[in-house]
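Using the working numbering, the first residue of the sequence shown is number 130, and each one after it goes up by one. Let me begin by presenting the structure, written as structure tokens, before commenting on it.
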Amino acid sequence: MESLVVLHPHLSLGFGSFLREQDLLAGKGKVTTALICRTTDGGQSWTRQLVGKGRFIYACSVGPQVYAVNVHASVTNDSSYVYFSSDEGRSWHKRGGVAGLITKIMFPSVEQGYAIVNVPGQRHRRAVLLTADGGRTWSPLKHPLPGVRDGVVLPQGGAAFLLTSSTSPVYATHLAHVEHTGQPPQCEELPGFRTDVVSSDAQGNLWFLANDSTGQVRLMKRDARTHRFSMVHRFGSRRPTALGEWVQVRKQEVFVLIAELSTHHNEYRFYHSADGGRQWQEEALPVDYKVKPYAFSSGGDVWLSGTGAEMQVRAAK
């Protein structure tokens, strides 16, 4: 699976693709069928639903509504299509498509959304697209941003914060505040750190994992009211280089996943704070390496996978 959406404690949807046996026998090894898997028992069992050709690579939800990106690959350029479901994933409707590979979609409301897309024929360049009709039509941001890496939407107001850089193809050095009004984005430099990991909480605070020159990872926070940045915690590393992979916040709980790099395979470490980042506890992961975070539910469940693509769930306490 490429992406997973937790709609409520008794329903999660997984998105991906698979190769059909008849396509392999016919020599069509690159023809994939878009796949949606459904679980109502916390991942113990899954039912499968096929949704035409392509592969689902990303999905998100707004309440019970679900949006998913289906990519159709070709020799020349990829095309991406947005699919929509309003009945908890039972039926799907194909909406608008764009040229290029959409790497992420974000919908603060059912109609308004943002997409980050790889520009066809221009390596390392990503564009930001906007929709005001639920993904049926898309238009480019009137004031283009350089080097868009990732982004989040705020829980209220419909604004997006995007990580950008005009100098690095890997890490962001600036933060852009984008509105659906058409006004120019407001950009600010990230003070003394670079990152490619950002998340937001229910109050609109932004959280970052910053990789510093010492090989350690810092957890940074941007206050929604004052717009000031502060360091919440610095995570030590047993190896020379560590990279921040994922951060999520729920009320006073903070969850962090860090990869410690080596020549053979990365080691992953999971940290949890129950008091907003003042005290931390490292929790042993049930998988050893190739750890991928899949989803974080509003109830505090963490979904991830590891070696062998086995799904693991950390239930909220």
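Think of the CB as a built atom: it goes at the ideal place given N, C-alpha and C, for glycine as much as any other residue. Given the structure is predicted, the values throughout are model-derived calculations rather than measurements.
How many Å lie between residue i and residue j at the Cα?
i	j	result
Ser215	Gly263	11 Å
Arg379	Thr205	43 Å
Gly405	Ser146	38 Å
His182	Gly229	It should be noted that the sequence gives Lys, not His, for residue 182. One C-alpha to the other measures close to 17 Å.
Thr370	Ile186	29 Å
Phe236	Thr162	25 Å
Val246	Leu259	11 Å
Arg219	Ser141	12 Å
Thr293	Met440	32 Å
Val191	Gln285	12 Å
Ser448	Arg323	For the chain, the structure presents residues 130 to 446; residue 448 sits outside this window and is missing.
Thr310	His303	21 Å
Thr232	Arg254	12 Å
His201	Ser208	5 Å
Glu317	His306	8 Å
Gly321	Arg347	11 Å
Glu389	Glu412	15 Å
Leu274	Ala331	26 Å
Ala424	Lys271	32 Å
Asp341	Gly435	26 Å
Leu338	Arg368	17 Å
Pro314	Glu308	7 Å
Ser328	Glu396	22 Å
Glu217	Gly172	16 Å
Ser426	Ser297	32 Å
Phe384	His394	23 Å
Val134	Gln251	31 Å
Val282	Gln381	20 Å
Glu374	Ala301	14 Å
So what does residue i bridge to, in DSSP terms?
i	result
His272	Per DSSP, none; premise fails for His272.
Leu259	Tyr243 and Ser268
Lys233	Ile245
Gln178	Ile165
Gln315	His306
Ser141	Val135 and Thr168
Ser190	Val195
Arg443	Val431
Leu292	Asp279 and Leu304
Ala339	Thr324 and Arg347
Gly226	Tyr210
Using C-beta distances below 6 Å, list every residue in its chain close to residue i, excluding the 5 sequence neighbours before and after it, in chain order.
i	result
Arg351	Leu335 and Phe358
Tyr212	Ala197, Asn199, Trp221 and Lys223
Gln410	His401
Cys166	Gly143, Trp175 and Arg177
Pro249	Asn206, Ala228 and Gly229
Could you give the DSSP three-state label for residue i: helix, strand or coil?
i	result
Asn334	coil
Phe185	strand
Gln173	coil
Asp216	coil
Gly344	coil
Tyr196	strand
Thr162	strand
His303	strand
Ser209	strand
Phe322	coil
Gly287	coil
Gln251	coil
Ser329	strand
Ser146	strand
Go through its chain and collect everything with a Cβ distance to residue i's Cβ below 8 Å, but skip five positions before and after it.
i	result
Gln408	Ser402
Closer than 7 Å by C-beta to residue i: which residues in its own chain qualify, once you throw out the five before and the five after it? Chain order, please.
i	result
Ser345	Going by the sequence as given, residue 345 is Gln instead of Ser. Only Arg363, Phe364, Gly365, Ser366 and Ala371 meet the Cβ criterion.
Ala444	Asp430
Ser268	Leu258 and Leu259
Val239	Val191, Gln194 and Gly263
Gly428	Pro138 and Ala445
Leu433	Val420, Lys421, Pro422, Tyr423 and Gln441
Arg398	Ile387, Glu389 and Glu411
Legend entry - Every unbroken beta strand (DSSP E) within the region 355-437, with a cutoff of 3 residues, ordered by chain: 358-364, 371-379, 382-389, 396-402, 410-412, 421-425 and 431-434
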